[in-house]
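Chains A and B supply the protein sequences, listed in that same order. Just so we're aligned: 212 in the numbering used here is position 220 of the first sequence, and the numbers increase by one with no gaps anywhere. Just so we're aligned: 427 in the numbering used here is position 127 of the second sequence, and the numbers increase by one with no gaps anywhere. What follows is a short report on a single structure.
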Amino acid sequence: MMVSKKALLNSFKQFMVQIYKDAMLILLCIAPLLAGSVFKFGIPFAQELIYEYFGLTKLFVPYYLLFDLLLGSLTPLLYCFAAAYVVLGEIDDGISGYLSVTPLGKRGYLISRLGFPAVISFVVSIVLMMVFSLSDFALPYIVGIALSSNLLGIIEALLVVSLSSNRVEGMAVSKLTGLFFLGLPVPFFVEGSIQYLVFFLPSFWLAKFAIEKELLFLLTGVLVSLVWIFMLNKKFNRKINK
Amino acid sequence: MRTRLRSLIIGDIQFQFKYGFYFVYTVFTFFYICLLFAFPATIREKAAILMIYSDPAAMGLFFMGSIVLFEKSQRVLNSIAVSPVKVSEYILSKVVSLGLIGTVVGVLIAFAAGNRNIILVIIATFMGSVIFSLFGLMIASKIQTLNQFMVATIPFEILCLVPSIFYLFGYQKPFMLLHPGIIVIRMMEGKNIENIAFELLMLGIWILMIYMVTYRIVKKMFQSVGGVKL
């Protein structure tokens, strides 16, 4: 069933008003810039200090790419968690159930709450990586990284809203979802085919794509992410139906 | 009164168990211990202290918003407000129950890192946890949504964590010894044991001051549950 554009926009407007009132909107605007500046200037500065005091050269240099991936993933994570916390509150207050029986529907509700913020964070993470990344990326790679990290953000948000029965459990799940990022360092630190043991983590494929620059890894990552999104979306729909 | 407080604490522990806190921290304890062994042995103990101070000890600042908001939405606070439970008992129950998990996790991480000042780690983690939980409760009593809570905790996190991290990694000035987080970290390191009584006194004064502010704010929340000022 198609969701009307007007219903979607109204619902998104409602979401924006809520995060504006929570002062979260200001944080979502400032935090990526602050983080970008810390990554761009702080890490090379820390590298210099380490060289000065401990004589260790290039301690961080091999991991600049990893820092870039963290920077790229930070914005989607922040935006999607802010959205997930709004949904958690709405589930607890019974608003989600009501909204899903309006012309907005369950799909429209999710799109307006998680899809729109993900689209915005996709654009923000591209700009952020173009300005603040430590490595030299061509634009297509930046777009690929932003796409994968935004799918990862959507998965994290869906995990929080579909696996928890209330706000408290939601916070516990959101803490656990941090482990989803463990796939990022794996290709940097684990050699050989044993690294593929974490194939189910989209973050692993994101790191593989960034290192190898092979389209195949990007596509595999997108596929793994879509499987996660499909399963979690189903679970969320069942939960709303209850 | 003692039975009431004990029942409240047991109730809070059951609540935290039911909603996955114990499961999450079992996973994270295992994860942190594995991560510790990825660090060179020379900085392992410092890394463990940073982990304990920033996570299990600080869990009150992370979870309190959701706990209080959930209690508001389930009308638990309305029931507590008209029951014989005192504001002080409500605060103590939250602080002790969260402090308990934090301390157990802290001790396990410290032990795995080779820290043998276990008694000091227990005292420091628990007192650190009390401070973070009181801050969490203070903020949670004033907010209406989770996002408001997350935004409001940022200044507290910066104030509590940043000076302590600087101190732990070498930026040490005498005036910093007044900072409660730094006292907690020094106790975990087993430094300055001869002045332990003074450090405990300092922490006690900090906790008392933060408790008094929290008490006033929580009392106000209890008087205005349901949107009406009693």
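Cβ atoms here follow ideal geometry from the backbone N, Cα and C, with glycine treated the same way.
Which residue marks the beginning of the alpha helix (DSSP H) containing residue i, and which one marks its end?
i: Ala138 of chain A; result: Leu131 to Leu155
i: Val430 of chain B; result: Ile418 to Ala440
i: Ala199 of chain A; result: Pro194 to Glu204
i: Lys(-3) of chain A; result: Lys(-3) to Lys13
i: Glu40 of chain A; result: Ile35 to Phe46
i: Lys167 of chain A; result: Arg159 to Leu168
i: Lys98 of chain A; result: Gly97 to Leu102
i: Phe498 of chain B; result: Ile496 to Gln523
i: Pro68 of chain A; result: Tyr56 to Asp84
i: Thr532 of chain B; result: Only positions 301 to 530 of chain B appear in the structure, and residue 532 of chain B is not among them; the question remains open.
i: Ile391 of chain B; result: Val387 to Ala412
i: Lys318 of chain B; result: Arg302 to Lys318
i: Met357 of chain B; result: Looking at the sequence provided, one finds Ala at residue 357 of chain B rather than Met. Per DSSP, Ala357 of chain B belongs to no alpha helix (DSSP H) and is neither H nor E.
i: Gly481 of chain B; result: Pro480 to Glu489
i: Val464 of chain B; result: The amino acid occupying residue 464 of chain B in the given sequence is Ser; Val does not appear at that position. Note, Ser464 of chain B: alpha helix (DSSP H), Leu446 to Leu468.
i: Asn378 of chain B; result: Val376 to Val382
i: Tyr90 of chain A; result: Ile87 to Ser92
i: Phe339 of chain B; result: Premise fails: Phe339 of chain B is in no alpha helix (DSSP H) and is neither H nor E.
i: Gly28 of chain A; result: Met16 to Ser29
i: Met121 of chain A; result: Phe108 to Phe124
When you compare only the Cα positions, how much space is there between residue i and residue j?
i: Tyr71 of chain A; j: Pro109 of chain A; result: 6 Å
i: Met427 of chain B; j: Ile505 of chain B; result: 11 Å
i: Phe201 of chain A; j: Phe209 of chain A; result: 5 Å
i: Ile87 of chain A; j: Gln10 of chain A; result: 13 Å
i: Tyr101 of chain A; j: Lys231 of chain A; result: 14 Å
i: Val216 of chain A; j: Lys205 of chain A; result: 18 Å
i: Tyr322 of chain B; j: Ile401 of chain B; result: 7 Å
i: Ser157 of chain A; j: Gly107 of chain A; result: 21 Å
i: Pro480 of chain B; j: Ser166 of chain A; result: 28 Å
i: Tyr319 of chain B; j: Val160 of chain A; result: 7 Å
i: Tyr390 of chain B; j: Val376 of chain B; result: 12 Å
i: Asp60 of chain A; j: Leu437 of chain B; result: 36 Å
i: Leu0 of chain A; j: Asn229 of chain A; result: 18 Å
i: Asp128 of chain A; j: Met8 of chain A; result: 34 Å
i: Pro455 of chain B; j: Tyr515 of chain B; result: 20 Å
i: Asp14 of chain A; j: Ala341 of chain B; result: 44 Å
i: Ser140 of chain A; j: Phe114 of chain A; result: 9 Å
i: Arg105 of chain A; j: Gln6 of chain A; result: 10 Å
i: Glu489 of chain B; j: Gln39 of chain A; result: 26 Å
i: Ala130 of chain A; j: Val178 of chain A; result: 23 Å
i: Arg99 of chain A; j: Ser154 of chain A; result: 14 Å
i: Ile483 of chain B; j: Ala413 of chain B; result: 20 Å
i: Val190 of chain A; j: Ala199 of chain A; result: 12 Å
i: Arg302 of chain B; j: Thr67 of chain A; result: 48 Å
i: Gly175 of chain A; j: Val382 of chain B; result: 50 Å
i: Met364 of chain B; j: Leu207 of chain A; result: 44 Å
i: Leu239 of chain A; j: Pro474 of chain B; result: The structure shown has nothing for residue 239 of chain A, since chain A only spans -7 to 234.
i: Ile349 of chain B; j: Leu434 of chain B; result: 21 Å
i: Leu96 of chain A; j: Phe4 of chain A; result: 11 Å
i: Leu508 of chain B; j: Leu500 of chain B; result: 12 Å
i: Ile118 of chain A; j: Leu446 of chain B; result: 28 Å
Going by other Cβ atoms of all chains shown within 10 Å of its Cβ, with 16 needed for buried, is residue i buried or exposed?
i: Val396 of chain B; result: buried
i: Leu530 of chain B; result: Summary for Leu530 of chain B: the model assigns pLDDT 48, below 50, so the residue's position carries little reliability, and this model does not support an answer.
i: Ile418 of chain B; result: exposed
i: Asp312 of chain B; result: buried
i: Phe498 of chain B; result: exposed
i: Met487 of chain B; result: buried
i: Glu494 of chain B; result: exposed
i: Leu478 of chain B; result: exposed
i: Ala76 of chain A; result: buried
i: Thr329 of chain B; result: buried
i: Tyr332 of chain B; result: buried
i: Phe37 of chain A; result: exposed
i: Pro24 of chain A; result: buried
i: Val513 of chain B; result: exposed
i: Gln444 of chain B; result: exposed
i: Ser524 of chain B; result: exposed
i: Met121 of chain A; result: buried
Checklist line | At least three beta-carbon pairs within less than 8 Å, the segment 37 to 48 of chain A to the segment 174 to 184 of chain A | finding: Put simply, the segment 37 to 48 of chain A does not touch the segment 174 to 184 of chain A. Fewer than three CB pairs are less than 8 Å apart.
Note to self: Whether or not the segment 397 to 414 of chain B and the segment 443 to 456 of chain B are in contact is what I'm after, with contact meaning three or more pairs of Cβ atoms, one per stretch, closer than 8 Å; do they touch?
What the structure shows: Judged by Cβ distances under 8 Å, the segment 443 to 456 of chain B makes no contact with the segment 397 to 414 of chain B, as fewer than three pairs qualify.
Next item on the list: Name, going along the chain, the residues of the segment 13 to 33 of chain A whose beta-carbon falls closer than 7 Å to a beta-carbon of chain E.
Entry: Considering every chain present, this structure includes no chain E. Its protein chains are A and B.
Checklist line | Any 3 or more C-beta pairs closer than 8 Å across the segment 186 to 197 of chain A and the segment 139 to 150 of chain A | finding: Result yes; three or more Cβ-Cβ pairs closer than 8 Å.
Note to self: Count Cβ pairs between the segment 463 to 473 of chain B and the segment 348 to 355 of chain B that sit closer than 8 Å; are there 3 or more?
What the structure shows: The answer is yes - the segment 348 to 355 of chain B touches the segment 463 to 473 of chain B, with three or more Cβ pairs under 8 Å.
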